[in-house]
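My numbering numbers the first residue of the sequence shown as 1478 and each following residue consecutively.
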Amino acid sequence: MQIIDMPWEIKNLGKRSVSMVIDSSDDLNLIKENIEAISDYEYQVIKAPIERMDVSYILQENGFVFAETAFDLSLKLKNLKCPDTYTRYIDYTSYSEASSEAVQLVDSEIRKGIFNTDKVALDPLMSTELSGQRFANWFTTEVESGKSKCYLVNLEDKPIGFFGVKDVNEKKADSFLAGLFDNDDGRGFGISTIYYPLLVAKESGKKTMTARVSSNNPNSLKVHLELGYKIDKMHYVYVKHNDNK
């Protein structure tokens, strides 16, 4: 079991926040004790293994609300191949590493609320605006760390989206965030923001790519799986606001 204090969420969400990740072997009494131990936080997020239905009951009894199923994915890049149904979108688009000015553009687009299926955006006690602020702050922190790079997805030399690739180690990269800009959402080019990170990682010599997808965005999950991603882990994610106690 992991309990993670999240001080950065004060800036993002304006709430003292905590995350608890439960392992499949964790003792139920210990889980109950730790639920009580984090009860003073304003925003609590708990990830429970899908096979632990007993934990799901306990969380609901303690006022937690189901928010999503979180999928941890990975793909062996030697198997990378774009399905024929998607090649026309790839043929019409290109990607380029973002300049510092372009990174600012991406930041501003994220703040508009392009990630509207996020658990924060969907939460009636939060908002799409807070979700955008949270994602933008995270994105900027990752890029400024020097371990991650931002790329633009272009259609006829016009940026329509972005993706970020994090260098995890010599053999592994992580597709940590990607999306289409708001005014181009729904045109079918979202595949580019998922496929191009894989291409970047493979061309840089990486062997594996990791990513995370929410059940709140089934279209994204579908495309990830069609590109060859495999599901490594699944967690039920529950949230609780202290105002609900």
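For each residue, glycine too, the CB sits at the ideal point set by N, CA and C.
Check your understanding: Touching or not, the stretch 1556-1565 and the stretch 1713-1722, by the rule of three or more beta carbon pairs under 8 angstroms?
Key -> no
Review point. By how many angstroms is the C-alpha of N1511 removed from the C-alpha of D1531?
Key: 15 angstroms
Review point. Where does M1530 fall in DSSP's three states?
Key: helix
Practice item. Consider the Cβ of V1700: report whether some Cβ of chain D lies at a distance smaller than 7 angstroms. Key: Judged by its chain identifiers, the structure shown contains no chain D, having just a single protein chain.
Exercise for review: Out of N1539, P1636 and D1500, point me to the one whose CA is closest to M1711's CA.
Suggested key: D1500
Exercise for review: For K1465, I'd like the list of residues in its chain whose CB is within less than 7 angstroms of its CB, leaving aside the five on either flank, ordered along the chain.
Suggested key: Past the boundaries of the shown model lies residue 1465; the chain is included only from 1478 to 1722, so the question cannot be answered.
Practice item. Quick one: residues in its chain with C-beta nearer than 7 angstroms to the C-beta of T1789, no 5 flanking neighbours on either side, listed in chain order? Key: Coverage of the chain is limited to positions 1478 through 1722, which leaves residue 1789 absent and any answer about it impossible.
**Study point:** Rounded distance between the beta-carbons of L1554 and A1688, thought under 8 angstroms
**Key:** A1688 to L1554, Cβ: 12 angstroms. No contact.
Review point. Which term fits E1513, buried or exposed, when burial requires 16 or more other beta carbons within 10 angstroms of its beta carbon?
Key: exposed
Review point. Less than 7 angstroms separating the beta-carbons of A1587 and A1613?
Key: Sequence check: residue 1587 is Ile here, not Ala. Yes, Cβ-Cβ distance for I1587 and A1613 is below 7 angstroms.
Check your understanding: From Y1569 to L1702, what distance separates their C-alpha atoms?
Key -> 22 angstroms
Check your understanding: Which residues in the same chain have their Cβ closer than 7 angstroms to the Cβ of D1709, if we skip the five residues on either side of it in sequence?
Key -> D1549, L1550 and S1551
Point to revise | Rounded C-alpha distance that separates Q1479 from Y1628 | key: 33 angstroms
**Study point:** Three-way DSSP call (helix, strand, coil) for G1656 in this model
**Key:** strand
Exercise for review: Check the DSSP bridge columns for K1707 and list the partner residues they point to.
Suggested key: S1551
Review point. By how many angstroms is the C-alpha of G1540 removed from the C-alpha of K1684?
Key: 42 angstroms
Exercise for review: Using three-state DSSP, classify K1722 as helix, strand or coil.
Suggested key: Bear in mind that the predicted position of K1722 carries a pLDDT of just 45, short of 50, making it too unreliable to give a figure here.
Check your understanding: Among all the DSSP beta bridges, which residues are the ones paired with C1627?
Key -> G1641
Exercise for review: Name the one or two DSSP bridge partners that P1674 has.
Suggested key: P1674 pairs with nothing; no bridge assigned.
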